[in-house]
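One structure is given here, and the rest of the page talks about it.
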Amino acid sequence: MRRRLFALLGLLFAAAAVFAWLRLRRPTLPPPPSTARLEELKAQRDALQARFRQAVIASGEKSLADAPRAGIMIGIPTSFTASVLEQVVTGLFGETTLTLKNLKVHKEGQVRAKMLVRKKTIGDYVLDVQIHQVQGLLRPGKPTLVFGRDTVNVTLPVHLAEGHGEATLHLEWDSKAFAANLVCGDVDITRAVTGGVVPKDYEISGSFAIANAGDAIILRPRFPDLAVRIFVDPSEQAWAVVDGVVKEQAKGCEMALNKVDLKAKLAGILGRGFNVKIPQKIFKPIRLPAGVRQSLQVHGLELALHVTPAGLVVANDRLWYGANLAVSSKTQPSGPKAPAPPVP
Amino acid sequence: MRLPAFAVGALVLLPACQHREPPEAARARATEAFLGTQIADLQKLVSKAESGQLSSQDRIAIGLSEETAKALIGASLPPEQVIGGRIRLTFESVQPIFRGNNAALLFQATAHGVRVPSATARLELGGGLTNFRIEKGTLTSTVHLSHFKVLDTSLGEMAGDVLEALVRDNLAALGERIPALEIPVHLEQSIAIAGLDAGVVVTKPGVLPLEMTLAEVLPVGERLWVLLEVKAGPWQKAAAAEKSP
Chain A
127 MRRRLFALLG LLFAAAAVFA WLRLRRPTLP PPPSTARLEE LKAQRDALQA
177 RFRQAVIASG EKSLADAPRA GIMIGIPTSF TASVLEQVVT GLFGETTLTL
227 KNLKVHKEGQ VRAKMLVRKK TIGDYVLDVQ IHQVQGLLRP GKPTLVFGRD
277 TVNVTLPVHL AEGHGEATLH LEWDSKAFAA NLVCGDVDIT RAVTGGVVPK
327 DYEISGSFAI ANAGDAIILR PRFPDLAVRI FVDPSEQAWA VVDGVVKEQA
377 KGCEMALNKV DLKAKLAGIL GRGFNVKIPQ KIFKPIRLPA GVRQSLQVHG
427 LELALHVTPA GLVVANDRLW YGANLAVSSK TQPSGPKAPA PPVP
Chain B
22 MRLPAFAVGA LVLLPACQHR EPPEAARARA TEAFLGTQIA DLQKLVSKAE
72 SGQLSSQDRI AIGLSEETAK ALIGASLPPE QVIGGRIRLT FESVQPIFRG
122 NNAALLFQAT AHGVRVPSAT ARLELGGGLT NFRIEKGTLT STVHLSHFKV
172 LDTSLGEMAG DVLEALVRDN LAALGERIPA LEIPVHLEQS IAIAGLDAGV
222 VVTKPGVLPL EMTLAEVLPV GERLWVLLEV KAGPWQKAAA AEKSP
C-alpha cells in the first residue's frame, strides 16, 4: 500500500515537473541571425543613409560634402548671416548722428567803389559765423552683401539726411574815407541765425573677414574711415536776417553793404563745407550666435572641453565651422560629491 | 516532510535548468532588431526628404559625432549605484550609435553583490536620447534606458534571473541617474553691438534679438544632427554709447 502511494506520488511529481517545465521554461528562440544576415541589414541601412544624404544635398545642402569633418560641426546658413549683418549694419547707422560744434568761419575784405573820378576803398568788412552746433542724421539704405572666399563684401548706401544747427552771424563794417564815414559810419552787428545741412548721399564699401575665433565664427570689420563733407545750409530765417542787417542801415550804408554782397560771401564760406571723419571703428566685430563651449557642468562636475578648431569653410549656402573636443574633468566645485542614494 | 519540500523546491528550480543564451547570440539578436528599426525609420526619413518635406537650408545645423558624444557621456557617467540594497551597479562605458535616424546609447555595466562582492555580472543596458530641447542657450537631451541584458554572470542562472528582475524593476530610476547630454554649443539669444561716442560721430548701441527653436533631430551617418530654426531681429537700440578714447 505504502509502495503504491510512493509510486503514485512519484508519478504525480513527474507529471508536475513536465508541466512546470513546459509552462515556465524560457521560450524557445529561433537561431540568432548569422553574420551574413547582419551584414546584409547593415548594407541596406547604409544604402538608405546614402540615399538620404543625396536627397538632402539635392534639396540645397550643396556644401555638406565640403564641411570640415570634426567632433562637432556647426553650419550657419549664409542667408541668416546676411540677415544678421544687414540688420546690425543698418541698425548702427540708423542711430548715427554727426554733430559739429563751435565751428568758426571768417571772411574779411575791402570794398572799393568809384568815388568821383577813381576807385577808392570805402570800407573794410569782417564777417564771422560761429556755428554753435549743427547736427546731421545718417540714414542707411539697403546694403549689398557679396560672400567671398573668407569675406563678406559690404556696400552700404548712406544718406546724410536732414539736420539742424544754430549759429551767430557777426558783421563788422569799418567805413574808410571821409565820405563813407559821413554816410554810413561803422557797423557792428551780431545776429542769431539757424540752418540745416545739405542732404547728400554716400556709399560705404568694405568687408567683414570671416574668421575662426577658436570657439565660434567671428565677422571682423575691415572698413576705411569714411570722409563726409557736411554743407551747412542757411535757413530762410538766416537769409532774412542778412537782408534785415542791410536794410536796417541808412540808405548810404545800405548801398555800401550791398557792395559787400553779404549773402554771396556767406554762401561762399559755408559752401566749402566741413569735413567729418566717420571712424572705421564704428563697425564692431560680430560673433555669430552658435559656437562651441569650453566647459560643461554635469551633476556638479565641471568638465573642461579643450577645443581644437578643425576648419572653417565659407560656402554659398553655409558657413561651416568644425572643432574637435577633448574632455577632461576639471574640479568638483562644491567639495566632494556625495554618494548617490541607492535606487529603491 | 523533507521529501515534499524537496519536491516543491525542485519544481521551482526546474525552469532555470536552461542555459542563458550566449552573449554573442543575444547581441546578434539585438543588433538585428535594432537594424530593422533603423531601416524602417530611415525609409520614412528618405521619403520625407525626397518629397521636399524636410527643410534644412535656413536652419542652423549642429552635428555631433558618435566619438565626441561618447567622450561627453562617458565623462559624466554616474558613480556606483546600489539597486534594491542588494546589487552595486557601475557603468563602465557607453557607445552612442547615431545611425538610421536613431540616437541610441549602449552602456556596459558591471554588477556586484552588496553582501558578496565576489559575485559579479556583466550587463548591457540600451536606450537612447530623447526630449531634445534648448534651455537657457544650451542644447540638451535626456538619456532614456529602455532595455538591458545580463551578458554573463558568476552568480549562476538563478541569481542571474534575480539580478535581471532587480534591474528591470529599477531601469527607469537608473536612467534618471544618468545625466542629460548637453551638446557643447552655446546658442546666444541676442547679438549686442556697442555704440560709439567719438565726439563728432555718435552711434547708439543696439541689440539684435535672436529666437532659436529646435526643428529636427537627425541621427544619421554616425552623427547626431540637430537643426535649429532661427530668426534674427528686429534691431533694438540700447541705452548708451561707449566713449571713444
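Line order of the protein sequences matches chains A and B.
For the first sequence, our numbering begins at 127 and goes up steadily by one.
For the second sequence, our numbering begins at 22 and goes up steadily by one.
From the three backbone atoms N, C-alpha and C, an ideal C-beta is built for every residue, glycine too.
Just so it is clear, the structure is predicted and the values come from calculations on it, not from any experiment.
Q: Consider the Cβ of Pro468(A): report whether some Cβ of chain B lies at a distance smaller than 8 angstroms.
A: For the purposes of this step, residue 468(A) is taken as the residue at position 342 of the first sequence. No answer about Pro468(A) holds up, because its pLDDT of 43 lies below 50 and its placement is not dependable.
Q) Are there 16 or more other CB atoms within 10 angstroms of the CB of Thr89(B), so buried, or fewer, so exposed? A) Reading the second sequence from its first residue, position 68 is the one you call residue 89(B). Classification for Thr89(B): buried.
**Q.** Contacting residues, own chain, Cβ-Cβ under 7 angstroms from Arg198(B) (five flanking each side not counted)
**A.** Position 177 of the second sequence, counted from the start, is the residue given in the question as residue 198(B). Counting only Cβ-Cβ distances below 7 angstroms, and skipping sequence neighbours, we find Pro99, Gln102.
Q) Rounded to a whole number of angstroms, what is the C-alpha to C-alpha distance between Trp365(A) and Ala376(A)? A) By 1-based counting over the first sequence, the position of residue 365(A) is 239. By 1-based counting over the first sequence, the position of residue 376(A) is 250. Spanning the two alpha carbons is a distance of roughly 19 angstroms.
**Q.** Cβ neighbour criterion (16 or more within 10 Å) applied to Ala173(A)
**A.** The residue given as residue 173(A) occupies position 47 in the first sequence. Exposed, by the Cβ-count rule.
(Q) Please report whether the beta-carbon of Ser333(A) lies at a distance below 8 angstroms from any beta-carbon of chain B. (A) The count along the first sequence starts at 1 and reaches residue 333(A) at position 207. So, not an interface residue.
Q. Hey, quick one: how far does the alpha helix (DSSP H) through Asn384(A) stretch, first residue to last?
A. Counting from 1 along the first sequence, the entry for residue 384(A) is found at position 258. Per DSSP, Asn384(A) belongs to the alpha helix (DSSP H) from 377-386.
Q.
My assumption, with CB atoms under 8 angstroms, is that Ala170(B) sits in contact with Ala70(B). Please give the rounded CB distance.
A. Looking up residue 170(B) in the second sequence gives position 149. Looking up residue 70(B) in the second sequence gives position 49. Sequence check: residue 170(B) is Lys here, not Ala. Incorrect: roughly 34 angstroms between the Cβ atoms, too far for contact.
Q) Since Gly121(B) and Ile60(B) are thought to touch, with beta carbons under 8 angstroms apart, how far apart are those beta carbons, to the nearest angstrom? A) The residue you call residue 121(B) lines up with position 100 of the second sequence. The residue you call residue 60(B) lines up with position 39 of the second sequence. 7 angstroms between Cβ atoms; contact.
Q: Pick out whichever of Val206(B), Glu45(B), Ala253(B) has its Cα sitting closest to the Cα of Leu160(B).
A: Position 139 of the second sequence holds residue 160(B). The residue from Val206(B), Glu45(B), Ala253(B) with its alpha-carbon nearest to that of Leu160(B) is Val206(B).
Q) DSSP state of Val188(B), grouped into three classes? A) In the second sequence, counting from the first residue as 1, residue 188(B) sits at position 167. Helix at Val188(B).
Q | CA nearest to the CA of Asp250(A), picked from Pro325(A), Gly186(A), Thr154(A), Asp312(A) | A | One-based indexing of the first sequence puts residue 250(A) at position 124. Taking only the C-alpha atoms, the option nearest Asp250(A) is Asp312(A).
Q) Mind checking Thr224(B): buried by the 16 CB within 10 Å criterion, or exposed? A) Counting from 1 along the second sequence, the entry for residue 224(B) is found at position 203. Counting Cβ neighbours within 10 Å, Thr224(B) comes out buried, since at least 16 surround it.
Q) Pick from Leu208(B), Ile108(B), Lys252(B): whose alpha carbon is nearest that of Val137(B)? A) In the second sequence, counting from the first residue as 1, residue 137(B) sits at position 116. For Val137(B), the nearest C-alpha among the options comes from Ile108(B).
Q: Identify, in the order they occur along the chain, each residue of the same chain with its Cβ nearer than 8 angstroms to the Cβ of Glu380(A), setting aside the five sequence neighbours on each side.
A: Position 254 of the first sequence, counted from the first residue, corresponds to residue 380(A). For Glu380(A), where only same-chain residues beyond five positions count, the Cβ hits under 8 angstroms are Val372, Lys373.
Q.
Can you check whether the C-beta of Lys302(A) is within less than 8 angstroms of a C-beta belonging to chain B?
A. Here residue 302(A) is taken as the residue at index 176 of the first sequence, counted from 1. False, the Cβ-Cβ gap to chain B never drops below 8 angstroms.
Q. Leaving out five residues before and five after Leu135(A) in sequence, what residues of the same chain have Cβ atoms less than 7 angstroms from its Cβ?
A. Here residue 135(A) is taken as the residue at index 9 of the first sequence, counted from 1. Spatial neighbours of Leu135(A) in its own chain (CB-CB distance under 7 angstroms, excluding positions within 5 residues in sequence) are not present.
Q: Using a cut-off of 7 angstroms between C-beta atoms, extract the partners of His207(B) located in chain A.
A: Your numbering for residue 207(B) matches position 186 in the second sequence. The answer, in chain order, is Gly417, Arg419.
Q. Residues of chain B with CB under 9 angstroms from Asp443(A), in chain order?
A. As a working note, residue 443(A) is residue 317 in the first sequence. Chain B residues near Asp443(A): Gln78.
Q. Of all Cβ atoms in chain B, is any one closer than 8 angstroms to the Cβ of Ala181(A)?
A. Translated into the one-based positions of the first sequence, residue 181(A) becomes position 55. By this cut-off, Ala181(A) is an interface position.
Q.
Between Ser209(A) and chain B, is the shortest Cβ-Cβ distance under 8 angstroms, so that the two count as touching?
A. Here residue 209(A) refers to the residue found at position 83 when the first sequence is read from its first residue. Interface residue, yes.
Q.
On the criterion of 16 or more Cβ atoms from any shown chain inside 10 Å, does Thr151(B) qualify as buried, or is it exposed?
A. Mapped onto the second sequence, residue 151(B) falls at position 130. That one is exposed.
Q. Whose C-alpha, out of Val439(A), Ser185(A), Gln256(A), is nearest the C-alpha of Thr277(A)?
A. Counting from one through the first sequence, the residue named residue 277(A) turns up at place 151. Nearest Cα to Thr277(A) within the set Val439(A), Ser185(A), Gln256(A): Val439(A).
Q) With a cut-off of 8 angstroms, does the C-beta of Leu427(A) fall near any C-beta of chain B? A) Stepping through the first sequence from its first residue, residue 427(A) is reached at position 301. Judged by the 8 angstroms Cβ criterion, Leu427(A) is in contact with chain B.
Q) Under a CB-based cut-off of 8 angstroms, is Gly30(B) close to chain A? A) Taking the second sequence and counting its residues from 1, the one referred to as residue 30(B) is at position 9. Caution is warranted here: a pLDDT of 46 is assigned to Gly30(B), below 50, making its placement in the model unreliable, and no coordinate value can be reported.
(Q) Would Ala436(A) and Gly417(A) qualify as a contact pair, given that the criterion is a beta-carbon distance under 8 angstroms? (A) Numbered from its first residue, the first sequence carries residue 436(A) at position 310. Numbered from its first residue, the first sequence carries residue 417(A) at position 291. No, the pair does not count as a contact, with Cβ atoms beyond the cut-off.
Q. Under a Cβ-count criterion, where at least 16 other Cβ atoms within 10 Å of its own Cβ denotes burial, should Gly370(A) be classed as buried or exposed?
A. Taking the first sequence and counting its residues from 1, the one referred to as residue 370(A) is at position 244. Exposed: under 16 other Cβ atoms inside 10 Å.
Q. Less than 8 angstroms separating the beta-carbons of Ile198(A) and Leu85(B)?
A. Translated into positions along the first sequence, residue 198(A) becomes position 72. Translated into positions along the second sequence, residue 85(B) becomes position 64. Cβ distance < 8 angstroms, so Ile198(A) and Leu85(B) count as in contact.
Q. By the criterion of Cβ-Cβ separation under 7 angstroms, what are the contact partners of Ser86(B) in chain A?
A. As a working mapping, residue 86(B) is identified with position 65 in the second sequence. Here the neighbours are Gly197.
Q) Could you give the residue range of the alpha helix (DSSP H) that holds Gly95(B)? A) Residue 95(B) sits at position 74 when you count from the first residue of the second sequence. First-last of the alpha helix (DSSP H) with Gly95(B): 87-96.
Q: Look at the alpha carbon of Ile343(A) and the alpha carbon of Lys410(A), and state the distance between them as a whole number of angstroms.
A: Position 217 of the first sequence, counting from 1, holds the residue named residue 343(A). Position 284 of the first sequence, counting from 1, holds the residue named residue 410(A). For Ile343(A) and Lys410(A), the distance between alpha carbons rounds to 14 angstroms.
Q.
Using the Cβ count rule (16 or more neighbours within 10 Å means buried), how would you classify Ala125(B)?
A. As a position in the second sequence, residue 125(B) is number 104, starting the count at 1. Under this definition Ala125(B) is a buried residue.
**Q.** For Leu235(B) and Leu202(B), the rounded distance between their alpha carbons
**A.** Numbered from its first residue, the second sequence carries residue 202(B) at position 181. Numbered from its first residue, the second sequence carries residue 235(B) at position 214. Roughly 16 angstroms separates the two Cα atoms.
**Q.** At least three beta-carbon pairs within less than 8 angstroms, the region 263-279 of chain A to the region 214-231 of chain A
**A.** yes
Q. So, using beta-carbon positions, are Gly196(B) and Leu166(B) closer together than 8 angstroms?
A. Here residue 196(B) is taken as the residue at index 175 of the second sequence, counted from 1. Here residue 166(B) is taken as the residue at index 145 of the second sequence, counted from 1. Contact: yes.
Q | Segments of 3+ residues assigned as beta strand (DSSP E) that fall wholly inside the region 327-381 of chain A | A | 343-348, 352-356, 358-360
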